[in-house]
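Chains as they are written, first to last, in this note's numbering: chain A, 1377 to 2076; chain B, 1377 to 2076.
All residues carry an ideal CB built from backbone N, CA and C; glycine is no exception.
Keep in mind that this is a model prediction, so the values were computed, not measured.
Here the structure is laid out as structure tokens; the discussion comes afterwards.
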């Protein structure tokens, strides 16, 4: 869709414009006028002749023309009628400021349905209701009641909370941060976060997309589009409600580990979205990304006029996992020719407490020219001799001459550095008033640069027996069975190229002994019941049985004891299985997230998974790189690779297992949850075995 | 020592006072005068008659009286002469601003030694050299070149970086944060951080002690005294150089896990010191602790006029591990009688976007009266109807009526909330401009309150055979042996009540078989060499040997293969040991930190310790609670307690092991490092076994 008539209307009507100060209908009109809007403004109010010197019309129809944009501030119950007028005269873009819709209950929800229906039928695009409005500083458009027009800049901001936007505007004004557009999306009756992000993506004035969201309307679509957009413009989001959702964790095994929050994390990672935890952090990142090039690597040089802040920045660089630039001999020599003897020429470059602007200038030039430096952080404390303003001017000047590498600044203090900070900001040098936050910003820039340059995602498709899985899944759905038992779950896995242990279900001790003899000892016995998900909790797994006697004894003990513990469980027998040993136990799993679809899981197997919580998640479908990255993200990975003379496991085979599973759950959206636990992996060249598995399905 | 003549001098001489603007000798004199100092100021300068209207003297002796405090700003090489004059006329307190001492190399170090010698002999207490000076706002004393006199407050600040202090002063002025005293400690030639902290502890005007440190002079003493002081006044420290030290990790096993940074963490934890990672964080915490009571518990109530910030605060409360207060029915009813229907009466209490001050007032009163609430956080966004100033006044008023529970505030925005924020600050309500930082501050208050009310530390003393350990340690030191071999290490452990597996060293295969037969099968064989620390790296451990043949084969293979791998190792034989099994393997260890003494370590045993890095550290001596807390801090603890039907281990026995080890290393300061790995622990009631151990000693 085009946002042209939202962002750059030539005429704006305000339905519900008021003469009464303090009323929203007055504030919006006043804001429109005060901003110096250059198009026409039509206040619509049947009870006024004129407001603030502008002629009033009784209704939209009597205007005699179709305004590009209509802003509605009348009470909720009157809004549908106004929308119908809009439709009648051919309005295409509407902002409904009015509250009292979906957010207040059933009646409001009905009202909201009605207005979005009118909009859809008439081809009207609608922002709101229950929103703060829209601001486009460059076009002098302040169609909001959020306060004064902010500075022009290149950050596009969208917010699901109008109140937060008022605070953001006030904070931005104080810090001299400018915006290309600000959109309050309110209840998202029509235009949602993705529409606005899309509009920002194609808006030439927007370099950075930032926002505050509480929910995402269509997770799948969001990820797909955001991923494309992130390649051109960074997207910085605050997503709140993180932990509340986590508390509503599902009750099953994988479920209890993968809350919706994890899905959001994965979705943002996939889409290259930079997640922010506070407004200040978002401003830090946005400033830097809007004004500076991305660093080619993680090597940071620090210039300072005091030891303490230099050490603190050093700590942060190491803690963030960035690299400390090792200056070349040439740079050291160049620095030594310009700086006093007592100065530290190595990184951090300490120009000393009595440094004037010229020392900063020399140091910054030398650091930027050093091939070992990817990004420079300039620290300053306002000591007796310090020249914050002149230093700021020098930094801006050099950044204009040498614009290939990013420069960030951190002038500690307040009044003493105020002018310098203003000069830096106006000169496009991001200023962040605490070194640890400046370093965190560099980290985000470096990570985003790496994300942008990652190879194109290619998801491998394996040859599989899809028909077989279809049959099993369809039969379960027809019979309204949610859980697919171990035996058929393994058939499904086999159809997708997994190897499972040989085994058969025995119903008597003698039968078990016969199966065991045929398989060869040792064997494993597992209680067989659709009602027992966690077999080891009820001593329903016996491993390493080495003789006919041991098998018979174990069989009879299970059949005697377990029904006493679980009298209601339907016990079908005991699975007699070949014993897999010698490998390491891991768990592969998937849980389908309601917003983002299949969320893959990898962790240490057995009972350890719950103790160590060392689990990696990622959204399917997985590329080979992503599957491998899931492994690497865990601490378990070190152990899988082999430590202290222990042989490692076949990591490629493990990654392939994740990819095959990813293909299975992508092709079968009926699969809601899936666990292979344990998945037994051996040394390189061996085939991992899916020892136990459970799958649950649902009609979709 | 008394800081009376530093903090409240009646007369101050400035040696090196200058007429020349921009010179430190001028700036200090000017700062002294501008601050309105009410005592006498004596500029000392042989080349001037008067400076800034004050009569100049040629030297200290010609003053004809002894000033309470002398500030020295003459060049470094002249300082010893001035110090001698100070000694001669009986000066007791001196601040040396001058730089060019220890920090510039050998010559400066000599000079610094000389001045501290003079000070010691004459009983002069000395702050500096190479410092910014001293500020006492309430006494109008600005003996520094750090800028204007800051506001009077109750924070005592000390800094090892003068430059950082200039930034801190500037920032504090901008935020209206006040101080009782500020001390720049410079090179700490005499007065060090502990002296100043001590002085702040006994200073009635100081409620909170805060500081920036790069090093601590005497770790042991520091911990002991800080622990006492923390019971009365919170100590908030930024300690930089965290990661640099970590990089210099020692090369041995425990060493590579326990960097000095870990010792600092433990020392701060023991002493109740609140560690801060930035100046802003320190201001947040200091403000809150200086002005508000400590919360009785972790239950937070949030009051807000907007949903978004409320959700963000909720997220933070859960992430920080604080509790969400569940309001009583009585409170809900009380709220419902005063707030509009649409308001959310549950926590977070949403007074809605059109709330005036009165709604905040009602909500705050009700929340404070609720027995389920320990602390209240008030959030505000500056919406159209919002009254930031009136709301701030209401909060201050209520806090004065109901002063038992802490109140924190977070008014989002800038210009629109400026007046409100000023009213809050002046009224003693901590204001923090981001909700996640406000919540982090509440967390620190709650943790500190819990630390203060913890039971008195009682270290249990076990009956041990100290003489035996003395003999072994002394013999090693006499023979200049640093490593105590496994056999004698175990004797030491046995003397302190540990149980070790039975075993003997064999030198031939036949000998090994005979020992094994006597011990009973299965047995373990371990290569025996002072040169092999990690036996399993060279296949020097064989477990589960079940027969004479297996023992003989394993013996011969070790004796054949290991010398080929390690031709230089002195192999003394093979230890034949009873096989301990059935328990869980953990590691108990100790590494002596150069600053803080013995640092105890607990983690998962075997090769896992390096992979999982799931290790807890704490300074010895350990109380029973601290030993148990070390266990609980690890993720491994869940597994030790028993998961999924697996039996747990005897956790009390484990804690006792840590306490016994703590006693050993406390009583023998020669022990530098010690590892029991693995320490095999079984179910409740069983005795853990120290299967392998190494100890290294050094002359002290």
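Checking contacts by CB at 8 angstroms: is residue i closer than that to chain A?
i, result
"residue 1563/B", "no"
"residue 1543/B", "yes"
"residue 1812/B", "yes"
"residue 1685/B", "yes"
"residue 1656/B", "yes"
"residue 1400/B", "yes"
"residue 1792/B", "yes"
"residue 1916/B", "no"
Identify whether residue i lies in helix, strand or coil by the three-state DSSP scheme.
i, result
"residue 1902/B", "strand"
"residue 1507/B", "coil"
"residue 1939/B", "helix"
"residue 1726/B", "strand"
"residue 1382/B", "helix"
"residue 1884/B", "coil"
"residue 1907/B", "coil"
"residue 1650/A", "strand"
"residue 1393/A", "coil"
"residue 1627/B", "Note that residue 1627/B scores a pLDDT of 26, beneath 50, so its modelled location is shaky and nothing firm can be said."
"residue 1953/B", "strand"
"residue 1736/A", "helix"
"residue 1661/B", "helix"
Please report the Cβ distance between residue i and residue j, rounded to the nearest whole angstrom; I am assuming they are in contact, meaning their Cβ atoms lie under 8 angstroms.
i, j, result
"residue 1931/B", "residue 1888/B", "5 angstroms"
"residue 1725/B", "residue 1783/B", "Rounded, the Cβ-Cβ distance is 14 angstroms, inconsistent with contact."
"residue 1494/A", "residue 1467/A", "Incorrect: roughly 11 angstroms between the Cβ atoms, too far for contact."
"residue 1740/B", "residue 1774/B", "5 angstroms"
"residue 1994/B", "residue 1642/B", "5 angstroms"
"residue 1471/B", "residue 1448/B", "7 angstroms"
"residue 1420/A", "residue 1389/A", "6 angstroms"
"residue 1996/A", "residue 2038/A", "4 angstroms"
"residue 1817/A", "residue 1661/A", "6 angstroms"
Under a CB-based cut-off of 8 angstroms, is residue i close to chain B?
i, result
"residue 1759/A", "yes"
"residue 1550/A", "yes"
"residue 1588/A", "yes"
"residue 1729/A", "yes"
"residue 1925/A", "no"
"residue 1723/A", "no"
"residue 1627/A", "Residue placement at residue 1627/A is poorly supported in this model, since its pLDDT is 27, which falls under 50; the coordinates still yield a value, given next. Judged by the 8 angstroms Cβ criterion, residue 1627/A is not in contact with chain B."
"residue 1547/A", "yes"
"residue 1691/A", "yes"
"residue 1569/A", "no"
Using 8 angstroms as the threshold, is the C-beta distance between residue i and residue j below it?
i, j, result
"residue 1505/A", "residue 1474/A", "yes"
"residue 1770/A", "residue 1733/A", "yes"
"residue 1963/A", "residue 2028/A", "no"
"residue 1558/A", "residue 1594/A", "no"
"residue 2044/A", "residue 1815/A", "no"
"residue 1703/B", "residue 1652/B", "no"
"residue 2080/B", "residue 1755/B", "There is no way to answer for residue 2080/B, as the model of chain B reaches only from 1377 to 2076."
"residue 1666/B", "residue 1785/B", "no"
Just to confirm, does residue i get its C-beta within under 7 angstroms of one of the non-hydrogen atoms of the ligand MN?
i, result
"residue 1977/B", "Within the structure as shown, the ligand MN is missing, as the structure has no ligands at all."
Fully enclosed by the segment 1418 to 1472 of chain A, which beta strand (DSSP E) runs are 3 residues long or longer? Taking only runs of at least 3 residues, the beta strand (DSSP E) segments lying wholly in the segment 1418 to 1472 of chain A are 1445 to 1448, 1469 to 1472.
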